[in-house]
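Below is one structure, written out as structure tokens; the observations come after it.
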Amino acid sequence: MNAVAIAAEEKLGVETVILDLRELIDAFDAIVVTSGSNDRQVRALAQEIERFVELSLDVKPIRVEGFFEGEWVALDYGDVIVHVFEDAAREYYDLEHLWNAAPSLRPQPAR
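Okay, so the sequence shown: first residue is 1469 according to our numbering, each after it adds one.
Here it is as structure tokens:
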């Protein structure tokens, strides 16, 4: 989860949050949500996260959805699902509100 947050920060991901779902569901452990201001930045964020996680943890996503559209990219790592949104889509889907019972961690930017 921390590798995802580090990678998102490298590409200027906005308001990255890690939602710990281990006590709420059995399907996966966490959701990481971040966003970019446009489709180009969303794709760049998703690529950087994928690259950084593979280099640092030697793990590739099981599945990637939405990359070509660039409005919402989902990277499925099995236990961790990463959602990279365009700002408007993040506001619309509001996953933080949907999972508001989950403990959340907002990594502090090192910038």
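Using N, Cα and C, we set each Cβ at its ideal position, and we do this for glycine too.
Bear in mind the structure is a predicted one, so any value in this text is a computation, not a measurement.
- DSSP, read as helix, strand or coil, puts SER1572 in strand.
- Straight through space, the alpha carbons of TYR1560 and LEU1566 are spaced by roughly 11 Å.
- Per DSSP, the beta bridge partners of THR1502 are VAL1552.
- Taking the C-beta atoms as reference points, VAL1482 is found nearer than 8 Å to GLY1504.
- Of all C-beta pairs linking the segment 1517 to 1525 to the segment 1541 to 1561, three or more are shorter than 8 Å, placing the two stretches in contact.
- Per DSSP, the beta-bridge partners of VAL1532 are LEU1543.
- PRO1529 sits close to ASP1544, with the two beta carbons spaced by under 8 Å.
- In terms of Cβ geometry, ALA1542 and THR1502 do not form a close pair [threshold 8 Å].
- If you draw a straight line from the Cα of LEU1487 to the Cα of GLN1509, it is about 22 Å long.
- It is roughly 19 Å from the alpha-carbon of ALA1512 to the alpha-carbon of LEU1525.
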